[in-house]
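Trainee: Dumping the structure here so I can ask a few things about it.
Numbering (this note's numbering), first residue to last: 395 to 946.
Listed below in structure tokens is the structure:
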């Protein structure tokens, strides 16, 4: 009897083992069909989604939606798609869009006029940006875009553009934070935590906006910005007021000048007054949306950069609301066309803009290629920037007043990047560079020991570069002669850099009343700029006329 019970127990155990093996086999086949890695247990998937952890290079759940679904049945449900919020997913599309607007401003690099390396890097920026729009949860795509952009910036140096410099600083902060978090996680066998990366870089983004607005006010406290006949604020106001016949209205001109100070001051306060952030946020959105439409300069890259930095800076509840609102728009596109559907509205806007500009060019011939390109991207910005402004404003109003959510304390080194950037923006006053210091469109003059700034009777130079100002009389380089005949002077270091690049060139100039004839690279053989001076120092043309006209 005892032996019979033991035999039946062994048979039951054998049947149980067989059933378990069949069940495991079926589950493995099912997982392969659903494109879920068979080595990933369900409970681990849940933990990863709950903690918002992502390995660089790991298969991520955002890829569950097929890239292409044109001509097939509508996707009603996607197994494995992760729609949980993390701040980077809300930020990534804006950062990709800002990169596209930025690279579009250098169309000649994309066309190969600056060499194959610049063309390859420029198109790489476009490629990474489009992929990031399609896969905003892919951390490796964000890092790839950051790295390619930084390499391109390094090749361009010295860079006069303030927005490109701000972008490079932000990209550097993203790369630094990602590297630190990745090494720390790898040391304990964990993953790079996207939410930790988001919390760190949002501190930098908010600080960069505050620095930008602070110096946007500080550099403009000068006699010429306050002069309605030459103020850069009027330069932006006039094209917008011209259709209404108000470009010469004195009240409108003064309103433009002082509104600049008021809007930027409110923006600074609202960045750190989280409960009522929407007040300054919406004002800043409208301001930065309008200025590219003035067509005064290529402002689309700057405004799209500011929009992206704001997406990082707004309180987390507002960022999550932005993400949820975006899903309401993108999910129908993804369900109908696959992931590629996200790009279709932008492609349609570009097609319409190009068609319209070409038609107008045929109707009104004589427009330059540069003007055509600028016009196309203004139209694109009018639609894309307008849609972004409306959505962001809607989200802000939904969160007014915004519930405060405490953020985890971050290490002090996170503040190092914006701290160094703040100091670098003091460069015009201490005798260093006069470009790339957030002094764009400020009418500021600090060269030759003179300044129009109301807080300094004389610039407190710590370096002598700006004291060495020369007047070019003649040169083998026509552009130098043209600049001089237009009334401009040059910082001597810039002249040396140009002679170094072209040793056969020569220049005759006047410095401190002394004329130096046909100076060339050999004349300055022992005084040529070092690598750091060539890469970091860039100067505006010097204009001694008063009042000082707005240049850039």
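We put the beta carbon where it would ideally sit given N, CA and C, even for glycine.
1) If you reduce the DSSP assignment to three classes, tell me which class residue 623 lands in.
2) In the DSSP output, what is residue 865 paired with across the bridge?
3) Cα separation between residue 836 and residue 843?
4) With three or more beta-carbon pairs closer than 8 angstroms as the criterion, would you say the stretch 530 to 544 touches the stretch 558 to 572?
5) Applying the criterion that 16 or more other CB atoms from any shown protein chain within 10 Å of the CB defines a buried residue, is residue 581 buried or exposed?
6) Less than 8 angstroms between C-beta atoms, sequence neighbours within five positions excluded: which residues of the same chain meet that for residue 544?
7) Quick one, are the C-beta atoms of residue 697 and residue 685 less than 8 angstroms apart?
8) Taking the alpha carbon of residue 823 as the reference point, which residue from 813, 859, 495 has its own alpha carbon closest?
9) Do residue 884 and residue 864 count as a contact pair if the criterion is CB distance below 8 angstroms?
10) Tell me which residues share the same chain as residue 551 and place their Cβ nearer than 6 angstroms to its Cβ, disregarding the 5 neighbours each side in the sequence.
11) Would you kindly check if the distance between the Cβ of residue 764 and the Cβ of residue 592 is under 8 angstroms?
12) Taking DSSP as the reference, what is the three-state secondary structure of residue 793?
13) Pairs of beta-carbons, one from the stretch 615 to 625 and one from the stretch 678 to 693, closer than 8 angstroms: are there three or more?
14) So is residue 1032 buried or exposed if we call it buried at 16+ other beta carbons inside 10 Å?
15) Please determine, among 856, 903, 896, the residue with the shortest C-alpha to C-alpha distance to residue 879.
16) Rank 899, 826, 660, 621 by C-alpha distance to the C-alpha of residue 926 and give the top, closest one.
17) Please report the distance separating the alpha-carbon of residue 753 from that of residue 762.
18) Taking the alpha helix (DSSP H) that residue 489 falls in, what are its first and last residues?
19) Around the Cβ of residue 852, are there at least 16 other Cβ atoms within 10 angstroms (buried) or fewer (exposed)?
20) Need the endpoints of the alpha helix (DSSP H) that residue 502 sits in, please.
21) Beta-carbon separation of residue 719 and residue 799 under 8 angstroms?
22) Is residue 588 helix, strand or coil by DSSP?
23) In terms of DSSP beta bridges, what is residue 913 paired with?
24) Contact between the stretch 742 to 761 and the stretch 770 to 786: three or more CB pairs below 8 angstroms?
25) Look at the Cβ atom of residue 923, then the Cβ atom of residue 896, and state whether they are nearer than 8 angstroms.
26) For residue 725, does the three-state DSSP call read helix, strand or coil?
Mentor: So, from the data block:
1) Indexing the chain shown from 1 puts residue 623 at position 229. Residue state, collapsed to three classes: coil.
2) For this step, residue 865 is matched to residue 471 along the chain shown. Bridge partners of residue 865 according to DSSP: 904.
3) Taking the first residue of the chain shown as position 1, residue 836 is located at position 442. Taking the first residue of the chain shown as position 1, residue 843 is located at position 449. C-alpha of residue 836 to C-alpha of residue 843: approximately 18 angstroms in a straight line.
4) Touching, yes.
5) Taking the first residue of the chain shown as position 1, residue 581 is located at position 187. So residue 581 counts as exposed.
6) Position 150 of the chain shown holds residue 544. Taking C-beta separations shorter than 8 angstroms and ignoring five residues to either side along the sequence, the partners of residue 544 in its chain run 562, 565, 566, 569, following chain order.
7) For the purposes of this step, residue 697 is taken as the residue at position 303 of the chain shown. For the purposes of this step, residue 685 is taken as the residue at position 291 of the chain shown. Against a cut-off of 8 angstroms, the Cβ pair of residue 685 and residue 697 comes out as a contact.
8) By one-based count along the chain shown, residue 823 stands at place 429. Ranking the options by Cα distance to residue 823, first place goes to 859.
9) Taking the first residue of the chain shown as 1, we reach residue 864 at position 470. Taking the first residue of the chain shown as 1, we reach residue 884 at position 490. Between residue 864 and residue 884, the C-beta gap is smaller than 8 angstroms, which places the two residues in contact.
10) What you label residue 551 is simply residue 157 of the chain shown in a count that begins at 1. Taken in chain order, the residues that qualify are 929.
11) On the chain shown, position 198 is the one that residue 592 refers to. On the chain shown, position 370 is the one that residue 764 refers to. In terms of Cβ geometry, residue 592 and residue 764 do not form a close pair [threshold 8 angstroms].
12) As a first step, residue 793 must be located in the chain shown, where it is residue number 399. In the three-state reduction of the DSSP assignment, residue 793 falls in the coil class, being assigned neither a helical nor a strand state.
13) Three or more beta-carbon pairs separated by less than 8 angstroms are not found between the stretch 615 to 625 and the stretch 678 to 693, which leaves the two stretches without contact.
14) Here the chain has residues from 395 to 946 only, and residue 1032 is not among them.
15) For the purposes of this step, residue 879 is taken as residue 485 along the chain shown, with counting starting at 1. Check the Cα spacing between residue 879 and each of 856, 903, 896: the tightest is with 903.
16) Along the chain shown, one-based indexing puts residue 926 at 532. Of the candidates 899, 826, 660, 621, 826 places its Cα closest to the Cα of residue 926.
17) Position 359 of the chain shown, counted from the start, is the residue given in the question as residue 753. Position 368 of the chain shown, counted from the start, is the residue given in the question as residue 762. The straight-line gap from Cα to Cα measures roughly 14 angstroms.
18) Numbered from 1 along the chain shown, position 95 holds the residue referred to as residue 489. 481 to 498 is the extent of the alpha helix (DSSP H) around residue 489.
19) As a position in the chain shown, residue 852 is number 458, starting the count at 1. Answer is exposed; the Cβ neighbour count stays below 16.
20) As a working note, residue 502 is residue 108 in the chain shown. First-last of the alpha helix (DSSP H) with residue 502: 501 to 504.
21) The sequence position of residue 719 within the chain shown is 325, counting from 1. The sequence position of residue 799 within the chain shown is 405, counting from 1. Going by C-beta atoms, residue 719 is not nearer than 8 angstroms to residue 799.
22) Walking along the chain shown from the start, residue 588 turns up at place 194. In the structure shown, residue 588 falls within a helical segment according to DSSP collapsed to helix, strand and coil.
23) Here residue 913 is taken as the residue at index 519 of the chain shown, counted from 1. In DSSP, residue 913 forms a bridge with 901.
24) Because the criterion of three Cβ pairs below 8 angstroms is met, the stretch 742 to 761 and the stretch 770 to 786 touch.
25) Residue numbering aside, residue 923 sits at position 529 when the chain shown is read from its first letter. Residue numbering aside, residue 896 sits at position 502 when the chain shown is read from its first letter. No, they are not a contact pair.
26) By one-based count along the chain shown, residue 725 stands at place 331. In this structure, DSSP gives residue 725 a helical state, which the three-state scheme calls helix.
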